[in-house]
Ligand code: TXA
Ligand code: MG
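Here it is as C-alpha cells:
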C-alpha cells in the first residue's frame, strides 16, 4: 500500500489518478488525498474516503502556473502572487473558467464560481502532477476531523484501506497547510498557513482583507461559502407538486425527470449534484422537489447539501 516514491511508483500513481483512483501523496505542507479533478466520480471517492459529511470545495493541484491558467482567470494581482510564491504553499482562489475542454468537476468547486488552485513545491508532488497530466483535487489525507498527516504512515493508519496507493516521500516539512488567499472582490486572507501574511502583503504592495470584512459583495463569513440555489428545495418528495420540478434518484424515478443517478449510485449522484442544481435553478419558477436519498455513505453529504439549500429559502413547501 505504501510505496517508496521512486520513478516507477510515480508513474503507476499517475496512471491510477488518470483511471479515476485515489492516491495519497506528499506535499511541502501535509499529505494530500488526490483524485483527477475533472472526474466527478473520482472526486466523490475523496469525500467517501475521508468520511466528510459535507461537500467543501477542494484545492486543485497543478504542476505550474500555465496549467492553472487553463482553469482560472488571472488578473495582475494573481500574476504577481503566482510569480512570487509558486511553486510553494500558497493557494489562490480565483474566478473559475468553465469554457474549457476538460472542465473541473462541480464537486471540486462545490458549485462555486471560483476555484482554489495551488502549485506545490514538493518534488514528489511535482513529479506526480507532471506525470498525471490532469489537475489533481486534494484535501489533506486524513479522516474528517482528525489531524492533517505529515507522514505516509499517518495516512496509512487513517485511510490506508480506502486509497489505491500512498506515495511515501518522507516527512512533509511544513506540517502546516497552505495559506489561502482569495483575489476577488479584493485580496483576502481565507486561511492563514505556511506562507506568512506579511510576505503576501509585501508581494501585493497592499494589506490583505480578512474573511468576513464585508464590502457588500460577500456577506460576513460567506466568502468561502457554498453555492446556494435560488430555487426553493423540498426534500423527501415522492412526486412533483404543481409548479415544482422533480429531481429524481434511482430507477423508480419518472423517466422524464432529471436524475442524480438512475442506477441509484451515490458516487454518481454526488458527481452530478451541483450540475443538476444549477440546471434546475435556471428553470422557472424555481421550485425543486427531491426524491429521497439514502442517508448512508456519500448520501449524508448529499443530504446535508440539499438540506442547507432547503433551509436558506423562505420556502412555503417544507419537507414532508
Ligand atoms: O496545504 C494544503 O493546502 C493541503 C495540501 C494537501 O495541498 N490541502 C488542504 O486542503 O488543506 P483542504 O481540503 O483540507 O482545505 C481546502 C480549503 C477548505 O477550507 C476550503 O473551504 C477552501 O480550501 N476552499 C477550496 N476552494 C475554495 C473556494 N473556491 N473558495 C473558498 N475557499 C475554498
Ligand atoms: Mg484539511
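Numbering (my numbering), first residue to last: 98 to 417.
For every residue, glycine included, the Cβ atom is placed at its ideal position computed from N, Cα and C.
How long is the line joining the alpha carbons of residue i and residue j, rounded to whole angstroms?
i           : j           : result
residue 221 : residue 304 : 33 Å
residue 425 : residue 372 : The first residue shown for the chain is 98 and the last is 417, placing residue 425 beyond what the model contains.
residue 111 : residue 176 : 28 Å
residue 302 : residue 264 : 39 Å
residue 205 : residue 367 : 11 Å
residue 311 : residue 280 : Legend: pLDDT at residue 311 = 49, less than 50; position of this residue unreliable, no value from coordinates given.
residue 160 : residue 397 : 33 Å
residue 274 : residue 150 : 21 Å
residue 388 : residue 297 : 47 Å
residue 365 : residue 187 : 32 Å
residue 313 : residue 202 : Because residue 313 carries a pLDDT of 39, less than 50, the predicted location of this residue cannot be relied on, and the following value inherits that uncertainty. Rounded to the nearest angstrom, the two C-alpha atoms are 29 Å apart.
residue 351 : residue 333 : 15 Å
residue 377 : residue 358 : 15 Å
residue 344 : residue 307 : 38 Å
residue 348 : residue 134 : 28 Å
residue 414 : residue 342 : Note on residue 414: pLDDT 39, under 50, position unreliable in the model; no value is reported.
residue 142 : residue 119 : 7 Å
residue 289 : residue 210 : 22 Å
residue 379 : residue 156 : 27 Å
residue 178 : residue 108 : 31 Å
residue 174 : residue 276 : 16 Å
residue 354 : residue 404 : 20 Å
residue 249 : residue 167 : 31 Å
residue 258 : residue 383 : 42 Å
residue 152 : residue 184 : 27 Å
residue 214 : residue 165 : 7 Å
residue 361 : residue 127 : 35 Å
residue 283 : residue 218 : 26 Å
residue 180 : residue 245 : 28 Å
residue 285 : residue 294 : 10 Å
residue 162 : residue 116 : 24 Å
On the DSSP letters alone, give me the boundaries of the alpha helix (DSSP H) that residue i sits inside.
i           : result
residue 419 : Nothing about residue 419 can be read from this structure; the chain reaches only from 98 to 417.
residue 221 : 220 to 229
residue 216 : Taken as a continuous stretch (DSSP letters only), residue 216 belongs to no alpha helix (DSSP H), as it is neither H nor E.
residue 157 : Taken as a continuous stretch (DSSP letters only), residue 157 belongs to no alpha helix (DSSP H), being part of the beta strand (DSSP E) at 156 to 158.
residue 173 : 173 to 182
residue 371 : 363 to 378
residue 204 : 203 to 206
residue 249 : 249 to 256
May I ask whether a heavy atom of the ligand TXA can be found less than 7 Å away from the beta carbon of residue i?
i           : result
residue 127 : yes
residue 260 : no
residue 211 : yes
residue 274 : yes
residue 86  : Not covered by the structure: residue 86. The range shown for the chain is 98 to 417.
residue 237 : yes
residue 135 : no
residue 277 : yes
residue 124 : yes
residue 186 : yes
residue 217 : yes
residue 206 : yes
residue 114 : no
residue 109 : no
residue 287 : yes
residue 231 : no
residue 252 : no
residue 190 : yes
I'd like to confirm the pairing. Which residues does DSSP put opposite residue i in its beta bridges?
i           : result
residue 329 : 384
residue 105 : Its beta-bridge partners do not exist; DSSP assigns none.
residue 324 : Paired residue(s): none; residue 324 is not in a bridge.
residue 343 : 386
residue 279 : 190, 285
residue 237 : 129
residue 400 : Bridge partners of residue 400: none, in fact.
residue 169 : 193
Which residue marks the beginning of the beta strand (DSSP E) containing residue i, and which one marks its end?
i           : result
residue 135 : It is not in any beta strand (DSSP E) - residue 135 carries neither H nor E in the DSSP assignment.
residue 265 : 262 to 265
residue 121 : 120 to 123
Using 8 Å for Cβ pairs, my map puts residue i next to residue j. What's the rounded Cβ distance?
i           : j           : result
residue 158 : residue 236 : Their Cβ separation, rounded to whole angstroms, is 11 Å, which puts residue 158 and residue 236 out of contact at 8 Å.
residue 325 : residue 269 : That pair is no contact at about 34 Å.
residue 328 : residue 386 : So it is not a contact: roughly 10 Å between Cβ atoms.
residue 253 : residue 98  : 6 Å
residue 191 : residue 216 : Not really, about 13 Å apart at Cβ, beyond 8 Å.
residue 129 : residue 121 : 7 Å
residue 208 : residue 374 : 7 Å
residue 144 : residue 395 : 6 Å
Examine chain D for any beta-carbon lying closer than 8 Å to the beta-carbon of residue i, and answer yes or no.
i           : result
residue 347 : Absent from the structure: chain D. Only one protein chain is present.
Can you find a heavy atom of the ligand PLP that lies under 7 Å from the Cβ of residue i?
i           : result
residue 159 : What this structure holds is the ligand TXA and the ligand MG, not the ligand PLP.
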